[in-house]
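**Student:** What follows is a single structure, and I will ask about it in a moment.
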Amino acid sequence: MPRLTKKPLSKPGRSISEIELMDFLTLLLAFETGGLRLPRLLEEVAEGRVEAGDYVRGLALKYKALERTALDDYTALRKLADSTGSAWLADFLRGYSEVATTSGETARFVESYLEKTSLSLRMKLENMLKLVEGVYEGLMLAVFGLIALTVVPLPGMSTMFLSTAVVMVAILSYLIVLKISDNALTLSRLEHFASVALMGSTLVAILVKGGLLLHFTLVLATVILLTPRVRRLVEVERDVLGFLEEAFSMTRHGVTLDQVLHYVEFEDKSLKLLKKTLLLGHEPCSLLNAFPALARMVLRNLTTPLKYTSHHEKVSSHVLKFVELVSGARVGLRKKGLTYMVYSFIFPATVFITYFLVHPMTAVAGYVISIQEAKAIAYAAFFNTYLLATNISGVGLFRSWKTSLICIGALSAIILFPSL
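Written out as structure tokens, the structure reads:
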């Protein structure tokens, strides 16, 4: 009986990403090493016997429909190429069907396409670092400008409006960075959701009397509740990557993946359950959804082919190459993010220094901004830029107690800053 899934399928016509394409090609390579070809893979995915990403599931269902009307499998593949919405995938499907009906060297064709996709992903990840740098520098300029207009205002400019603008600009920057750095597969959805919610709630610190203490309490509670759960996800990913290295090393020497599973030991309960499920010969599809994105992709590509092939060395090699690409991008993001975390302390310092230098003159001119308003501006500017920086770095506010304590300490200092 086909396995039912509640996940929504990708919208028709959406272009496939490099990561999705690599995921798909790695899975296909596993089938090829077992003597099975693309039509069989698409059939297995369509019937729910093989776990795949949303895009590939949608593709498999389209193929299943086309197969009923086409003369043969490869005619259906060529028709499928016309409806993918992705030039890369369309080119691959046409090339694959041509190779399958001529030389028959489909495994070699898939490997060559994997290499091309890997190169494309490498270039995209390198560009990602430059784009993230541009977004954060733009955020810094915007926040500095808004701080200046708030503390040294222009006639008719509302302090409340400008402070709110600081928060809105920070959230927009975060969403842009999230879109740009999606290929790094660093933070979980839970972390992104909590981060955006905390950034948006800094409006409370600006708009509500006593809002600083209220928001600080919210941050403290969120950190205490989420950090243990998020740290477990980090440990799970670390264990999975360790398993991948073992698989790569041992399969190169002729050891099957089943034997590697017998040998490797996991600490996490969910990984122990996955191992037991696989060794009993059951499908692990529903269990994979509980893992972080990178760990899920690694496990899916390693475990799905178990019943289709006994040769896993090529698959583990390509999965490891993919992980090395992502890890390299993460290292670049970490370096930039840690630098930006230091930069975030400049904003509250700028607010208070400017306030104490300018306050006497603006008071004479009839414009008075209170120390509480200055605190709210400093608080919002620091928290939003610091949170963005930690997420860029991949450290995250909930992945390291040290990062959390630095944030909480800085927020406490802003709240307790002496009044005039």
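To convert, count from 1 in the sequence shown and add 7; that's our numbering. Glycine included, each C-beta is placed from N, C-alpha and C at the ideal position.
How about the region 346 to 364 and the region 384 to 398: do they share at least three Cβ pairs that are nearer than 8 Å?
**Tutor:** Verdict: yes, contact present.
**Student:** Taking only three categories from DSSP, how would you classify R44?
**Tutor:** Position 37 of the sequence shown holds residue 44. Looking at R44 - three-state DSSP - the assignment turns out to be coil, as it is neither helix nor strand.
**Student:** Would you tell me roughly how many angstroms separate the C-alpha atoms of A97 and K86, rounded to the nearest one?
**Tutor:** Taking the first residue of the sequence shown as 1, we reach residue 97 at position 90. Taking the first residue of the sequence shown as 1, we reach residue 86 at position 79. The straight-line gap from Cα to Cα measures roughly 9 Å.
**Student:** Tell me the residue span of the alpha helix (DSSP H) that contains F99.
**Tutor:** Locating residue 99 in the sequence shown gives position 92, where the first residue counts as 1. That run of the alpha helix (DSSP H) goes 94 to 108.
**Student:** For L315, report the span of its alpha helix (DSSP H) as first-last.
**Tutor:** Within the sequence shown, numbered from 1, the residue matching residue 315 stands at position 308. Per the sequence presented here, residue 315 reads as Tyr, with Leu not at that position. First-last for Y315: undefined, no H or E at that position.
**Student:** Looking at the structure shown, is R238 part of a helix, part of a strand, or coil, going by DSSP?
**Tutor:** Reading the sequence shown from its first residue, position 231 is the one you call residue 238. Residue state, collapsed to three classes: helix.
**Student:** On the criterion of 16 or more Cβ atoms from any shown chain inside 10 Å, does H222 qualify as buried, or is it exposed?
**Tutor:** Position 215 of the sequence shown, counted from the first residue, corresponds to residue 222. Under this definition H222 is a buried residue.
**Student:** Keeping to the same chain, check which residues put their C-beta closer than 8 Å to that of I154; ignore five residues upstream and five downstream.
**Tutor:** Here residue 154 corresponds to residue number 147 of the sequence shown, with the count starting at 1. These residues qualify, in order along the chain: V173, F354, T357, V358, T361, I384, A388.
**Student:** Please report how far the alpha carbon of L136 lies from the alpha carbon of G207, in whole angstroms.
**Tutor:** In the sequence shown, counting from the first residue as 1, residue 136 sits at position 129. In the sequence shown, counting from the first residue as 1, residue 207 sits at position 200. Cα to Cα, the separation comes out at about 25 Å.
**Student:** Indicate whether the contact test is met: 3 or more Cβ pairs, each with one atom in the region 285 to 295 and one in the region 227 to 236, closer than 8 Å.
**Tutor:** The region 285 to 295 is not in contact with the region 227 to 236.
**Student:** Any heavy atom of the ligand ATP within a distance shorter than 7 Å of the CB on T124?
**Tutor:** As for the ligand ATP, it is missing from this structure, which has no ligand bound.
**Student:** What are the start and end residues of the alpha helix (DSSP H) that includes D265?
**Tutor:** Translated into the one-based positions of the sequence shown, residue 265 becomes position 258. Segment 264 to 270, the alpha helix (DSSP H) holding D265.
**Student:** Just to confirm before moving on: does the CB-CB distance between G121 and L32 stay below 8 Å?
**Tutor:** Here the question's residue 121 lines up with position 114 in the sequence shown. Here the question's residue 32 lines up with position 25 in the sequence shown. This sequence places Leu at residue 121; Gly is not what is there. Closer than 8 Å, so yes.
**Student:** What residue range does the alpha helix (DSSP H) around E112 cover?
**Tutor:** Position 105 of the sequence shown, counted from the first residue, corresponds to residue 112. That residue, E112, is in no alpha helix (DSSP H); it is neither H nor E in DSSP.
**Student:** Can you look up H199 in the DSSP assignment and give me helix, strand or coil?
**Tutor:** To locate residue 199, count along the sequence shown from 1; it is residue 192. Three-state result, H199: helix.
**Student:** K342 to S400, Cα distance in whole Å?
**Tutor:** Translated into positions along the sequence shown, residue 342 becomes position 335. Translated into positions along the sequence shown, residue 400 becomes position 393. Near 7 Å, if we compare the C-alpha coordinates of S400 and K342.
**Student:** Where does V371 fall in DSSP's three states?
**Tutor:** Along the sequence shown, read from residue 1 onward, the residue named residue 371 stands at position 364. Here V371 scores only 49 on pLDDT, less than 50, and its place in the model should not be relied on; the value that follows carries that caveat. In the structure shown, V371 sits in a helix (DSSP, three-state: H, G or I).
**Student:** Would you call P4 buried or exposed, if buried means 16 or more other Cβ atoms sit within 10 Å of its Cβ?
**Tutor:** This structure cannot settle anything about residue 4, because the visible part of the chain is limited to 8 through 427.
**Student:** DSSP state of N296, grouped into three classes?
**Tutor:** The residue given as residue 296 occupies position 289 in the sequence shown. N296 falls in the coil class under three-state DSSP.
**Student:** Give the straight-line distance between the Cα atoms of L240 and P299, rounded to the nearest whole angstrom.
**Tutor:** Residue numbering aside, residue 240 sits at position 233 when the sequence shown is read from its first letter. Residue numbering aside, residue 299 sits at position 292 when the sequence shown is read from its first letter. When rounded, the distance between both Cα atoms is 6 Å.
**Student:** Roughly how many angstroms lie between the CA atoms of F255 and A107, to the nearest whole one?
**Tutor:** Position 248 of the sequence shown, counting from 1, holds the residue named residue 255. Position 100 of the sequence shown, counting from 1, holds the residue named residue 107. Between F255 and A107, the C-alpha separation is close to 29 Å.
**Student:** Using only alpha-carbon positions, find the residue among L327, F200, T234 that is nearest to E252.
**Tutor:** As a working note, residue 252 is residue 245 in the sequence shown. Cα-wise, what sits closest to E252 is L327.
**Student:** Rank K71, V262, T209, E272 by C-alpha distance to the C-alpha of V243 and give the top, closest one.
**Tutor:** As a position in the sequence shown, residue 243 is number 236, starting the count at 1. Nearest of K71, V262, T209, E272 to V243, Cα basis: E272.
**Student:** The alpha helix (DSSP H) spanning T193 covers which residue range?
**Tutor:** Counted from its first residue, the sequence shown places residue 193 at position 186. Counting along the chain, T193 falls outside any alpha helix (DSSP H), and DSSP gives it neither H nor E.
**Student:** Relative to the C-alpha of L132, which residue among F352, V330, I376 is closest?
**Tutor:** Sequence index remark: in the sequence shown, residue 132 carries index 125 (1-based). With distances taken between Cα atoms, L132 lies closest to V330.
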